[in-house]
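A quick write-up on the structure given underneath.
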Amino acid sequence: MTAALIPELYVDDIDRSVSFYVQLGFSILYARATERFAMLERDGAQIMIEEPIGRTFLIHPLSHPRGSGVSFQIAVTSIDGLWKAIPAGTTIVLPIERHAYQRDADSVRVRQFVIADPDGYLLRFSETIA
């Protein structure tokens, strides 16, 4: 199944970013080396990463950290193994926590954590719990 929303993240170093995401359990669906591009997937969540060379869709110059004002929530089935796989030196924004989010008539309970990727994009990994 193709994801309905696939973010495309501009990165400074495609090789560093691919290595980071692969350590977090993402697989490379395909890559275009000459375009410095990769399509990644984990548990049905897909992202595109690329160095901004050639054709881009930028309306403002890029700055650091990237992704200011947005974070990406990625649902996972086992958060403990993922927590242990976080690459050394990664910025931990929120350590693992349990949290309940209110919905209309009920709530959903999760275990989650937030990290920043090498370019500063915020990634919230979340596991639903009973």
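In this text, residue positions in the sequence shown follow full-length UniProt numbering: the first is 1, and each later residue adds one.
Just so you know, even glycine gets a beta-carbon here, dropped at the ideal spot from N, CA and C.
I'd like to confirm the pairing. Which residues does DSSP put opposite residue i in its beta bridges?
i              : result
histidine 99   : Val110
glutamine 23   : DSSP lists no partner for glutamine 23.
isoleucine 129 : Arg109
serine 71      : Leu122
alanine 31     : Ala38
Exposed or buried, which one is residue i when buried takes at least 16 other CB atoms within 10 Å?
i             : result
aspartate 117 : buried
glutamate 35  : exposed
aspartate 119 : buried
tyrosine 30   : exposed
isoleucine 92 : exposed
valine 76     : buried
leucine 24    : buried
Closest to residue i by C-alpha separation, out of the options, would be which residue?
i                : options                         : result
isoleucine 79    : Phe113, Val93, Ile59 and His99  : Phe113
glutamine 7      : Ile86, Leu40, Ala100 and Thr128 : Contrary to the premise, residue 7 reads as proline rather than glutamine in this sequence. The shortest C-alpha separation from proline 7 is found at Leu40.
alanine 130      : Ile115, Arg124 and Arg111       : Arg111
residue 165      : Arg16, Gly81, Leu58 and Leu123  : Residue 165 is absent from the model: the chain starts at 1 and stops at 130.
proline 127      : Asp106, Gly89 and Leu82         : The question names proline, but residue 127 in the sequence shown is glutamate. Per the Cα distances, Leu82.
phenylalanine 20 : Arg32, Asp106 and Thr90         : Thr90
leucine 94       : Ile115, Lys84, Phe72 and Arg109 : Ile115
isoleucine 96    : Arg32, Ile86, Ser107 and Ile14  : Ile86
By Cβ distance, which residues of its chain are closer than 8 Å to residue i, with the 5 residues on each side in sequence left out?
i             : result
leucine 62    : Tyr10 and Pro52
threonine 56  : Tyr10
methionine 48 : Ile6, Pro7, Glu8, Leu9, Phe37, Ala38, Met39 and Leu40
arginine 66   : Leu9, Tyr10, Val11, Asp119, Gly120 and Tyr121
Might you give, ordered along the chain, the residues of its own chain that have their beta carbon closer than 6 Å to the beta carbon of residue i, omitting 5 neighbours on each side?
i            : result
arginine 98  : Arg111
alanine 45   : Ile74
glutamate 50 : Arg36 and Phe37
serine 27    : Glu41
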